[in-house]
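Chemist: In the numbering used here, the protein residues as written are 4 to 160. This structure is in structure tokens; I'll ask about it shortly.
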Amino acid sequence: MFLKLVLFYIPATFVTHYGILGLLKLNFEVKKLAVYSFIFGIITMLVRDLFQLTGLHVIILSVCSIVLLMYFFNFSMVKSVTIRAFLLLTLTIGEATVATYFFNLFGITLEQSLNNPFYHILLGWLGHVVSLTMVIYVLIRDNILTRERGSVFGQKA
């Protein structure tokens with residue numbers, strides 16, 4: 004459970020939100036996003052792994068995400084719901100294409116991927132290919148990759 008928190012839930016939350024917020028050109032502080040990602044990662048672990056609320060987890064996590072987005076970034080409810088919907092769309096596209104193809108290619112079932120922490124983390128990251136692509140695009144578009152080291156933190160993206 005802790006392995007998934009550190010290797011997937013927290014960093015995946017950061018990556019997906021960085022990509023979406025950056026793509027939509029919304030102002031946010033990277034430090035606040037890091038704290039948000041830590042808190043939402045823990046909530047995700049509790050909902051998905053500890054309480055095992057499969058099926059309901061999408062609704063519960065969406066409500067938590069919307070509330071946290073409103074609290075941390077002072078976004079309106081409409082903006083927070085839009086961000087969450089966009090996140091779910093990109094994740095669904097990634098899971099339906101890249102992750103499904105990869106797991107079918109190697110004969111790994113959904114049940115195996117959910118019961119094996121390594122497969123679960125791998126499936127998760129493969130499902131986030133669209134988000135990772137958005138992050139790379141935002142980093143290139145905003146010249147963040149060419150800035151001096153450390154200049155990104157503390158500034159608005």
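Cβ atoms here follow ideal geometry from the backbone N, Cα and C, with glycine treated the same way. No experiment lies behind these values; they were computed from the predicted model shown.
What are the boundary residues of the alpha helix (DSSP H) that includes phenylalanine 106?
Modeler: 103-108
Chemist: Which same chain residues end up closer than 7 Å to serine 83 when comparing Cβ atoms and leaving out the 5 residues on each side of it in sequence?
Modeler: Ile69, Leu72, Met73
Chemist: Could you tell me the distance, in whole angstroms, from the CA atom of methionine 137 to the CA atom of leucine 49?
Modeler: 27 Å
Chemist: So the candidates are Lys28, His20, Ile46, Leu27; which of them puts its Cα closest to the Cα of lysine 34?
Modeler: Just measuring C-alpha positions, the residue of Lys28, His20, Ile46, Leu27 sitting nearest lysine 34 is His20.
Chemist: Going by beta-carbon coordinates alone, are isoleucine 45 and leucine 56 separated by less than 8 Å?
Modeler: no
Chemist: If the criterion is Cβ atoms closer than 8 Å, does the pair threonine 47 and tyrosine 104 meet it?
Modeler: No, the pair does not count as a contact, with Cβ atoms beyond the cut-off.
Chemist: Taking 8 Å as the threshold (beta carbon to beta carbon), is alanine 15 in contact with chain C?
Modeler: Here chain C cannot be found, since the structure has a single protein chain.
Chemist: Excluding the five sequence neighbours on either side, which residues of its own chain have a C-beta within less than 7 Å of the C-beta of glycine 22, listed in chain order?
Modeler: Ser134, Met137, Val138, Val141
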